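Asker: Residues -19 to -1, 1 to 579 (mature numbering (1 follows the signal peptide of the UniProt record, and there is no 0)) make up the sequence shown, in order.
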Amino acid sequence: MKIIYLITFIFILFITSSAYSPRNENLNACDKLDEYVNSIYSEEQFLNYSDVKACYELTPYNETKAIEIIDAVKENLKGFYVFLDQAKEQPNSWFTFRPIDLISELDLILKNNYSYEFQFIYDVADLIGELRDGHTWLSSSNYHKYTFYQGLSLYSVIKKDCTQQIKVFNDVDPSTIDCQVIDIDDRPAIDVIIEFAKNNTSWSRDLSVRFNSALASLSFGNGDFHIFGQLFTLRTQLPKNPNISYTLNCNNKISKITREWQVPINDKSNIIRQYKSPYISGTSVGKATLIFDAFIARFYILQDFGVVLISTETILNDDDNLKYRFLSDIIVGFKLLADKGIEKIVLDLSNNGGGDVFVAHYINKLLFPNIQNFPLDMKVNNISMPFIEEVSKLKSQVGALFHYKTFISINTDKSFNSVMKFIGNNTYTRGGIQLKFTSKAFLDEASIYGGTLELPTPPKLPWTEKDIIILTNGICISSCSIITQRLAEINVPTISVGGFPNTRFSFASSSGGASFSTDSIVTYLTQLKNLDNSLISNLTFPSNLTLDFTMAEAYSIKNTNEVLDFSFRPADYQLYYDERSARDPSYLWIQAAKYIGK
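1) I need the straight-line Cα distance from L506 to F27, nearest angstrom please.
2) Unbroken beta strand (DSSP E) runs of length 3 or more, entirely within the stretch 190 to 233: which are they?
3) May I ask you to report which of helix, strand or coil DSSP gives D88?
4) Please work out which residues of its chain come closer than 6 Å, Cβ to Cβ, to I139, disregarding the five sequence neighbours upstream and downstream, and give them in chain order.
5) I'd like to check one pair, R467 with N345: are the Cβ atoms closer than 8 Å?
6) Give me whichever residues DSSP pairs with E241 in a beta bridge.
7) Rounding to the nearest angstrom, what Cα-Cα distance links P259 and S265 in this structure?
8) Would you call the stretch 416 to 425 in contact with the stretch 383 to 391, where contact means no fewer than 3 C-beta pairs closer than 8 Å?
9) Cutting at 8 Å between CB atoms, please list the residues of its own chain near K148, excluding the five before and the five after it.
10) Could you check if C457 is buried or exposed, using at least 16 other CB atoms within 10 Å of its CB as the buried criterion?
11) Would you identify the three-state DSSP class for L317, choosing helix, strand or coil?
12) Should the stretch 524 to 532 be regarded as contacting the stretch 114 to 128, the criterion being three or more beta carbon pairs within less than 8 Å?
13) For a quick check, are the C-beta atoms of L452 and L328 less than 8 Å apart?
14) Apart from the five residues on each side of it in sequence, which residues of its chain come closer than 6 Å, Cβ to Cβ, to F522?
15) I need the boundaries of the beta strand (DSSP E) containing W118, first residue and last residue.
16) Hey, could you find the ends of the alpha helix (DSSP H) Y343 is sitting in?
17) Just to confirm, are N288 and A269 a CB contact at a threshold of 8 Å?
18) Which residues bound the beta strand (DSSP E) around G287?
19) Per DSSP, what kind of secondary structure is P367 in: helix, strand or coil?
20) Using a Cβ-Cβ cut-off of 8 Å (strictly less than) and excluding sequence neighbours within five positions of L357, which residues of its own chain qualify?
21) Based on the DSSP output, what are the partners of D152 in its beta bridges?
22) Where do the N-terminal and C-terminal ends of the beta strand (DSSP E) with T419 fall, by residue?
23) For the candidate residues S524, I577, V33, T77, whose alpha-carbon lies nearest to that of I476?
24) Taking CB distances under 8 Å as the criterion, tell me whether P350 reaches chain E.
25) Tell me the rounded alpha-carbon separation between K304 and C143.
26) For Q71, which three-state DSSP category applies?
27) Using a Cβ-Cβ cutoff of less than 6 Å, which residues in the same chain neighbour Y22 once the five nearest sequence positions on both sides are dropped?
28) Taking 8 Å as the cut-off, decide whether the C-beta atoms of N193 and N454 are in contact.
29) Around the C-beta of S250, are 16 or more other C-beta atoms found within 10 angstroms, so that it is buried, or is it exposed?
30) So which of S236, N514, D166, L108 has the shortest CA-CA distance to N180?
31) Whole angstroms are fine: how far does the CA of Y97 sit from the CA of A35?
32) Do you know how far the Cα of G412 is from the Cα of Q67?
33) Tell me whether N180 sits in a helix, a strand or coil according to DSSP, three-state version.
34) Would you kindly check if the distance between the Cβ of F64 and the Cβ of D114 is under 8 Å?
35) Taking C-beta to C-beta, are Y37 and L219 nearer than 8 Å?
36) In the structure shown, what three-state DSSP assignment does K249 receive?
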């Protein structure tokens, strides 16, 4: 099994809507939605908020079923979630989340009175979201299946007097673009967005990063630029109200608009990802010239420095030939910059949600061949230990997180010679409780893909840590953070973009740990024949729910006992978006390059 870091993203679709009447009026609300989706192919069709709400309300709350769900969630968290007990501790003062005794608070949810099942599922998901752990969330194929959108996206600008404004980034009505949003539902817009970011986003423990995720900004990925984030106007939970009102200031003319929540029928289409900036073409971004396109990376020259955009989440993990080509192309791009005499590099990893750990490790080694990546460990208890022991008996599972041969000992720099050596006897106190963890270990890149992937030989590149600077907006999650956090530890400087005025914030989130899911656990339950029946029963998860969680935690190289996920690491410098740089990242690159070598 391959280790990947997955963070699921949703993107906005700007379309004109039109209603649809089902052919069979006797269908129930959910069947009507299915007919809409299966019968309509026009990009102009949408599902109405009221129709989706009616479908969700067909399933009443069932207390017996709710107890079974809570029990399954608790057992999987107790067995595998590596931060379950550390989440009880008071967070770093720079972070904005509360300590959570998750097991106790899950039980408290059962005391609430619900009319419908989806209300209960949303409360469980929201509680888990309060961890602010970008690797850990609950999703439902029944109640998170649709994307609700409003046809517009918002962004934040900081004016010269350090005041902050919310403005319209894009809209189905082009006349509102760049209008200032004064109020949202008759409350100050900035207060509404901050409140939403604080209470309804979970990609980071840092509020500034969550604020950025609530708004729209440009991202490079899947071979092109697209709009990213905008969680305030693009949601997968049924919004509480059918619409939102916006008070706009457009060239000193005040107006009020109301936008309904709608669901594009083809919301899985690539159209959702598309955005055409007037400043970006196939060969240039602003005044930056493209010299090489490696699909998961792009290489530009701007003035006297180079710019490298990297997307870790778009690699196709199941095709070794394609992976080899992508990695080879990345080498070509860096070598072209070196051959052209470029002495300074801006690495832009903004809006990067994770993906493939292998790519992140390879880029680190390419730039700095002598560095080692972060060590990991996992919980050892009466739930996780049988998985480690049974998976480790299967040669086909080398590369899986449970297999001891997936790792290299930090003490010997060699593979463990037995599963018990990997399990070890390390104990730590987390949340006031003494817990057992596996031996700290490095991932063995050769084993992750079963040793089948031959790596392209990297050249010697000319740059040192003094010649490179990292640029992100804090949404650099999981495998992306493996790059930025590791390079920062060898003194490559960092810049965060956005956030709040004069407030330093994180350049990476969910740093370096490994994500797993109950879908994978359920697969193991069917494959591992020697697991205890009571263990199988307790861990079996409802088929319409998936719980993703952090299973392995990462430690700093410089400070060996520092768990990266709970460490506040602000960027060295801060930049802000304005009306031009939000759509033309070359403006940010020019500003970032001025800090190289400072």
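Cβ atoms here follow ideal geometry from the backbone N, Cα and C, with glycine treated the same way.
From a predicted model like this one, the values you see are computed outputs, not experimental measurements.
Answerer: According to the data block:
1) 39 Å
2) 197 to 202, 205 to 210, 224 to 231
3) helix
4) Q145, P482, Y557
5) yes
6) N224
7) 11 Å
8) yes
9) L135, Y136, S137, V138, D159, C160, Q161, V162, E560
10) buried
11) helix
12) yes
13) yes
14) A53, T499, V503
15) 118 to 121
16) 338 to 348
17) In the sequence as presented, Asn is not what sits at residue 288; that position holds Val. Yes, these two residues count as a Cβ contact at 8 Å.
18) 286 to 291
19) helix
20) F388, K421, A422, F423, L424, G493, G494, A495, A533, E534, A535, Y536
21) L133
22) That residue, T419, is in no beta strand (DSSP E); it is neither H nor E in DSSP.
23) I577
24) Checking the listed chains, one finds no chain E in this structure; it contains a single protein chain.
25) 45 Å
26) coil
27) For Y22, the pLDDT reaches just 49, beneath the cut-off of 50, and the residue's location in the model is therefore unreliable, although a value from the coordinates is still provided. The answer is none, since no qualifying residue turns up.
28) yes
29) Bear in mind that the predicted position of S250 carries a pLDDT of just 43, short of 50, making it unreliable; the figure below should be weighed with that in mind. The residue is exposed, with fewer than 16 neighbouring Cβ atoms inside 10 Å.
30) L108
31) 11 Å
32) 5 Å
33) helix
34) yes
35) yes
36) With a pLDDT of only 46 at K249, under 50, the local geometry of the prediction cannot be trusted, and the value read off the model is given with reservation. DSSP places K249 in coil when its eight states are reduced to three.
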